[in-house]
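Colleague:
Protein chains in written order, with this note's numbering: chain F, 12 to 125; chain D, 1441 to 1553.
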């Protein structure tokens, strides 16, 4: 399975953009990049996902490099409520053994400060 | 409202007892998942189910059992064989295709004393 590497923590000032990096150098051509976040003691919340093109929704933007070996999640105007652990996940290819699984790493603890 | 519900939010059990955690969804999703989370750690997959009456072991299935008799329900039993059962348990569901998101419940915090 492809794995991801994220920094363990990062701080961001309220109102500024937060850029969260993720390395996934062994990603396969048919694997999607997903981002989730988890506020303390709650279930993870889906943010965004993409394959090769950049994606944007009401929560964030996802920038995937042309070689697909890394990506960046952008929170355009961070608020205090964005303080959470952010997980970058590569969804594995469809096989009998690994179909549908989301494999979570340790993620990045983002702290938004006033 | 559509969603995925886990109950109870907090659960206490004595060591050596089996305990069943409930997970119900009304999203009409085929696939359902159980994850375990320990303090400061990411989520680890216990079991997952693609369709009714079918389920597969995840990475840490030992000491756990599941059933999938109805599309809406995917209960998890933590048996006495699970050596470290105290953890935060999360259930999720998704449509049965690859490139869609999974929706998570709010979790059950199990404490075994």
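Backbone N, C-alpha and C define an ideal beta-carbon position, used for all residues, glycine too.
1) In terms of alpha-carbon separation, which member of 49(F), 14(F), 58(F), 85(F) lies closest to residue 37(F)?
2) Entirely within the region 1483-1540 of chain D and at least 4 residues each: give me those alpha helix (DSSP H) ranges in chain order.
3) Between which two residues does the beta strand (DSSP E) carrying residue 44(F) extend?
4) Could you tell me whether the Cβ of residue 1528(D) comes closer than 9 Å to any Cβ of chain F?
5) Residues in the same chain with beta-carbon distance under 6 Å from residue 61(F), minus the five sequence neighbours each way, listed in chain order, please.
6) Is the beta carbon of residue 1528(D) closer than 9 Å to that of residue 1556(D)?
7) Let me check understanding here. Comparing Cα to Cα, which of 1473(D), 1520(D), 1479(D) lies closest to residue 1497(D)?
8) Could you give the distance in angstroms between the alpha-carbon of residue 1543(D) and the alpha-carbon of residue 58(F)?
9) For chain C, is any of its Cβ atoms less than 9 Å away from the one on residue 35(F)?
10) Classify residue 71(F) as buried or exposed, calling it buried when 16 or more other Cβ atoms lie within 10 Å of its own Cβ.
11) Determine contact between the region 1480-1494 of chain D and the region 1504-1523 of chain D, defined as no fewer than three beta-carbon pairs at a distance below 8 Å.
12) Compute the beta-carbon to beta-carbon distance between residue 1445(D) and residue 1517(D), rounded to the nearest angstrom, for a pair I have assumed lies under 8 Å.
13) State the DSSP-derived secondary structure class of residue 1470(D), mapped to helix, strand or coil.
14) My understanding is that residue 1458(D) touches residue 1551(D), with C-beta atoms under 8 Å, so please give their C-beta distance in whole angstroms.
15) Compare the C-alpha of residue 1471(D) against each of 1512(D), 1549(D), 1534(D) and name the closest.
16) Using a C-beta cutoff of 9 Å, does residue 1465(D) count as contacting chain F?
17) Since residue 55(F) and residue 119(F) are thought to touch, with beta carbons under 8 Å apart, how far apart are those beta carbons, to the nearest angstrom?
18) May I ask you to list, following chain order, the residues of the region 68-98 of chain F that have a beta carbon less than 9 Å from some beta carbon of chain D?
19) Using CA coordinates, which residue listed in 64(F), 48(F), 29(F), 49(F) is at the minimum distance from residue 42(F)?
20) Should residue 1488(D) be labelled buried (16 or more other beta-carbon atoms within 10 Å of its own) or exposed?
21) Give a yes or no on whether the minimum CB-CB distance between residue 1485(D) and chain F is below 9 Å.
Modeller: Let me spell this out:
1) 14(F)
2) none
3) 44-49
4) yes
5) 44, 73, 75
6) With chain D represented from 1441 up to 1553, any question about residue 1556(D) goes unanswered, as that position is not in the structure.
7) 1473(D)
8) 11 Å
9) You won't find chain C in this structure, because its protein chains are F and D.
10) buried
11) yes
12) At roughly 18 Å, the Cβ-Cβ gap does not stay under 8 Å, so residue 1445(D) and residue 1517(D) are not in contact.
13) coil
14) With 8 Å as the limit, residue 1458(D) and residue 1551(D) do not qualify as a contact, their Cβ atoms being about 15 Å apart.
15) 1534(D)
16) no
17) Wrong, their Cβ atoms sit about 13 Å apart, outside the cutoff.
18) 96, 98
19) 64(F)
20) buried
21) yes
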